[in-house]
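S.K.:
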Amino acid sequence: MNLHITALAILLALPFGVSAGAGELDPATRNWLEAAVAGEHRDPAKRARDQYRHPRDVLAFFGLTPDSSVAEIWPSDGWWTEILAPALRDNGAYYAAGFAMTADRTPEWRKSAQKRFAEKLEAQPELYDAVVTTELSVPERTTIAPPGSLDLVVTFRNVHNWIRGDYAPAMFRVMARALRPGGVLGLVTHRAPPGWTADEAGRTGYVAEALVIEMAEAAGLVLEASSEINANPRDTHDHEAGVWTLPPSFALCGEAEDADERVACEGRYRSIGESDRMTLRFRKRAPGAEAN
C-alpha cells in the first residue's frame, strides 16, 4: 500500500483496541481479518465488489482489531456489516448507526432501507445478534454510541450526501463526539480533483480532499494518514451523471434502447471501474491538545 503519513501536531497514545496502522498487524490479527473478509456467509454479489472496495486492506489501514469498539455510519444494505459484525461479535462491539426511522426529515426510501437492514439482522442471529442499532439524523438523532466510547468510527461514500443536505460539519462533530480521545475516524469517499467546490460535490458525488480534511479538523480530528488503496487512475471524474455513471449504478445505461446497447454501455463503464476514492485516517485529539 502506498501511504503518505502526515505529521501529527502532538503524540497521541493509542487506545485499547486500535492498532498502530496498516502494515503493523500481528500475525493473529492479520489472520483474523483475512478470515472476516473470507466469511462464507457473505453475499456473493457483495463479495464481487471486493476488487473495488479492498475491505481487508482498508480495515487494516484503519487499525481494526478483534476487540475494537466500532460504529459504522449508515450501513445501508449491510455491505460492511457482513464483515464487521461477525468479526467483532465475540470480543469487540459493532454499532450500526443507520437511517432514522422517526426523524421528520428522513425520506421514506431511507426508512424502507433501514427496515430491510433490520430484517437482515433478524434473519441471521448467529451472525448479527450482538449488533447495536442506533439512529443517525442531524439534528434529531445524533447519539450513535455512548459519547467518548469508541475506538473507531467508519464511514464509506457518504460525505457528498451530507454536503448535499447541508449538514456535513455537524456529521463530523457527531462522529468525533462518539470517539474516545485518540480514537480513529476511518473515511472513504469519492475523490474530486483539487479545487472542486461543495456545490460540485453535491452535484457529482466527488468531494475535494481538502474540504473533508477541513471539516474533520474543525470537529477536533487530526489527519494522521492517507492511503491510495481505493485510488482509480482510470476515473476521469467528468461523467455526465457524476459517480453514479460508474458501477454499480450505471446511471446512463438505463437509457439504452435495447439489451445489447445496455450491455455495451455497462461494459464501457466496467472498464473504468468504481470511482476514484480517498481513504483517510483521522485521530481524535487528546483533551487540551491544539491543532497545527
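Take the sequence shown: its position 256, counted from the start at 1, is 255 in numbering that gives the first Met the number 0, and no numbers get skipped.
Cβ atoms here follow ideal geometry from the backbone N, Cα and C, with glycine treated the same way.
Taking its Cβ as the centre, do 16 or more other Cβ atoms sit within 10 Å of Q113, making it buried, or is it exposed?
M.R.: Within the sequence shown, residue 113 is the residue found at index 114, counting from 1. Buried.
S.K.: Under 8 Å between the Cβ atoms of A99 and L135?
M.R.: In the sequence shown, counting from the first residue as 1, residue 99 sits at position 100. In the sequence shown, counting from the first residue as 1, residue 135 sits at position 136. A contact, by the Cβ cut-off of 8 Å.
S.K.: Looking at the secondary structure, which residues open and close the beta strand (DSSP E) in which S225 lies?
M.R.: In the sequence shown, the residue the question calls residue 225 occupies position 226. S225 -> beta strand (DSSP E) spans L220 to S226.
S.K.: May I ask you to report which of helix, strand or coil DSSP gives M100?
M.R.: Position 101 of the sequence shown, counting from 1, holds the residue named residue 100. In this structure, M100 counts as coil in the three-state DSSP scheme.
S.K.: Considering only residues of the same chain and omitting the five flanking positions on each side of V69, which have a CB-CB separation below 8 Å?
M.R.: The residue given as residue 69 occupies position 70 in the sequence shown. Same-chain partners within the cutoff: L63, L83, L87, G91, A92, Y93, Y94, L149, D150, L151, V152 and V153.
S.K.: Output the boundary residues of the alpha helix (DSSP H) element that contains R52.
M.R.: For the purposes of this step, residue 52 is taken as the residue at position 53 of the sequence shown. That run of the alpha helix (DSSP H) goes D49 to R52.
S.K.: Only counting runs of 4 or more residues, tell me where the alpha helix (DSSP H) segments fall wholly within the region 137-200, in order along the chain.
M.R.: Counting only runs of 4 or more, we get 158-163 and 167-177.
S.K.: Using the three-state DSSP reduction, which class does S67 fall into: helix, strand or coil?
M.R.: The residue given as residue 67 occupies position 68 in the sequence shown. Residue state, collapsed to three classes: coil.
S.K.: Kindly indicate which residue of D66, R29 and W73 has the alpha-carbon position closest to the one of P54.
M.R.: Your numbering for residue 54 matches position 55 in the sequence shown. The shortest C-alpha separation from P54 is found at R29.
S.K.: Can you list, in chain order, the residues of its chain with a C-beta nearer than 6 Å to that of W195? Leave out the 5 residues immediately preceding and following it.
M.R.: Taking the sequence shown and counting its residues from 1, the one referred to as residue 195 is at position 196. Here the set comprises A207.
S.K.: Going by Cα to Cα distance, which pick from P286, F281 and M277 is closest to Y51?
M.R.: Here residue 51 refers to the residue found at position 52 when the sequence shown is read from its first residue. Per the Cα distances, M277.
S.K.: With a threshold of 7 Å on Cβ separation, who are the neighbours of F61 within its own chain once the five nearest residues in sequence on each side are excluded?
M.R.: Indexing the sequence shown from 1 puts residue 61 at position 62. The residues L151, V153, V183, G185 and R280, in chain order, have a CB closer than 7 Å to that of F61 in the same chain once the five nearest residues on each side in sequence are set aside.
S.K.: Just the C-alpha distance for V221 and E213, rounded to the nearest angstrom, thanks.
M.R.: The sequence position of residue 221 within the sequence shown is 222, counting from 1. The sequence position of residue 213 within the sequence shown is 214, counting from 1. Roughly 10 Å separates the two Cα atoms.
S.K.: By the three-class DSSP mapping on this structure, what secondary structure does I271 have?
M.R.: Position 272 of the sequence shown holds residue 271. Shown here, I271 sits in coil according to DSSP, grouped into three states, outside any helix or strand.
S.K.: Closest to T203 by C-alpha separation, out of G241, V211 and D234, would be which residue?
M.R.: On the sequence shown, position 204 is the one that residue 203 refers to. Comparing Cα positions, the closest option is G241.
S.K.: Rounded to whole angstroms, what's the CA-CA distance from E254 to R261? Just pull it up for me.
M.R.: Residue mapping note: residue 254 aligns to position 255 of the sequence shown, counting from 1. Residue mapping note: residue 261 aligns to position 262 of the sequence shown, counting from 1. E254 and R261: Cα-Cα distance of roughly 8 Å.
S.K.: Ignore the nearest five residues each way along the sequence and tell me which others in Y166's own chain have a CB closer than 6 Å to its CB.
M.R.: Here the question's residue 166 lines up with position 167 in the sequence shown. Cβ neighbours of Y166 beyond the five flanking positions: V137.
S.K.: Are the beta-carbon atoms of T132 and T142 separated by less than 8 Å?
M.R.: Translated into the one-based positions of the sequence shown, residue 132 becomes position 133. Translated into the one-based positions of the sequence shown, residue 142 becomes position 143. Taking 8 Å as the Cβ cut-off, T132 and T142 do not qualify as a contacting pair.
S.K.: For the candidate residues H40, R179 and A218, whose alpha-carbon lies nearest to that of A169?
M.R.: For the purposes of this step, residue 169 is taken as the residue at position 170 of the sequence shown. Per the Cα distances, A218.
S.K.: What residue range is occupied by the uninterrupted alpha helix (DSSP H) comprising F294?
M.R.: The question about residue 294 has no answer here: the residues shown for the chain are numbered 0 through 291.
S.K.: Which residues in the same chain have their Cβ closer than 6 Å to the Cβ of L210, if we skip the five residues on either side of it in sequence?
M.R.: As a working note, residue 210 is residue 211 in the sequence shown. Excluding the 5 residues flanking it on each side, L210 has no same chain C-beta neighbour closer than 6 Å.
S.K.: G22 by DSSP, collapsed to three states: which one?
M.R.: For this step, residue 22 is matched to residue 23 along the sequence shown. Low confidence applies here, because G22 scores a pLDDT of 48, under 50, leaving its location unreliable; read the following figure in that light. DSSP places G22 in coil when its eight states are reduced to three.
S.K.: At a Cβ threshold of 8 Å, is L120 touching chain B?
M.R.: As a matter of chain content, chain B is missing from the structure shown, which is built from one protein chain.
S.K.: From which residue to which residue does the beta strand (DSSP E) around R88 run?
M.R.: As a first step, residue 88 must be located in the sequence shown, where it is residue number 89. That residue, R88, is in no beta strand (DSSP E); it is neither H nor E in DSSP.
S.K.: Please report the residue range of the alpha helix (DSSP H) in which V211 lies.
M.R.: If you number the sequence shown from 1, residue 211 lands on position 212. That run of the alpha helix (DSSP H) goes E208 to A217.
S.K.: Within a Cβ cutoff of 8 Å, which residues of the same chain sit near P65, ignoring the five residues on either side of it in sequence?
M.R.: Taking the sequence shown and counting its residues from 1, the one referred to as residue 65 is at position 66. Once the five neighbours on either side are set aside, the close Cβ partners of P65 are T28, W31, A86, L87, D89, N90 and G91.
S.K.: Taking the alpha-carbon positions, what's the F171 to A215 distance?
M.R.: If you number the sequence shown from 1, residue 171 lands on position 172. If you number the sequence shown from 1, residue 215 lands on position 216. When rounded, the distance between both Cα atoms is 6 Å.
S.K.: A44 to E227, Cα distance in whole Å?
M.R.: The residue you call residue 44 lines up with position 45 of the sequence shown. The residue you call residue 227 lines up with position 228 of the sequence shown. A44 and E227: Cα-Cα distance of roughly 24 Å.
S.K.: Looking only at DSSP bridge pairs, what is Y94 linked to?
M.R.: Looking up residue 94 in the sequence shown gives position 95. Y94 is bridged to A70 and V131.
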